[in-house]
Amino acid sequence: MDAISFDDFLKVELRVGRVLSAEPFAQARKPANVLHVDFGQELGTRKSSAQVTVHYRPEELVGRLVVAVLNFPRKQIGPLMSECLVTGFHDADGAVALCVPDKDVPLGTRLL
């Protein structure tokens with residue numbers, strides 16, 4: 001693994017947001033949900049395609065805090081323009097478990 005500097009780490013905008021809505025993304029090649037995530041008044045709401053269908057039903061995602069990368073370029077995924085990358089970890093079977101704060105923190109808070 002290549003070492004990075006702290007300045008390299010600071011280039012990644014990892015922020016906390018709250019899922020406002022989630023629905024199945026029927027047009028995705030791999031099973032996914034479309035998430036609308038609120039990052040607070042300053043950063044607003046962003047859309048993301050997230051392959052989090054094994055451990056979470058869409059209705060279970062609403063209200064959850066998530067950690068997302070906000071400074072990736074927007075990406076067209078089928079008919080959806082993804083505006084952030086919601087983070088997670090693959091479990092032993094390859095399904096994605098969300099990366100989430102374990103306490104309530106203000107929306108938009110940056111991970112440091």
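full-length UniProt numbering puts the first residue of the sequence shown at 1, with every later residue one more than the last.
Just so it is clear, CB atoms sit at the ideal spot from N, CA and C, and this is done for glycine as well.
From a predicted model like this one, the values you see are computed outputs, not experimental measurements.
Closest option to residue 97, judged by alpha-carbon separation, among 61, 8 and 10: 61. Between residue 67 and residue 20, the CB-CB gap reaches or exceeds 8 Å.
Under DSSP, residue 36 shares a beta bridge with 21 and 47. Annotated three-state conformation of residue 85 is strand, per DSSP.
For residue 112, there is no enclosing beta strand (DSSP E), as DSSP marks it with neither H nor E. According to the DSSP assignment, residue 10 belongs to the alpha helix (DSSP H) that extends over 6-10. Apart from the 5 residues on each side of it in sequence, residue 59 sits with its Cβ closer than 8 Å to the Cβ of 22 in its chain, given in chain order.
Leaving aside the five residues that flank residue 105 on each side, the residues in its chain whose CB is nearer than 6 Å to its CB run, in chain order, 16. Residue pairing from DSSP leaves residue 74 without any beta-bridge partner. According to DSSP, residue 28 shares a beta bridge with no other residue.
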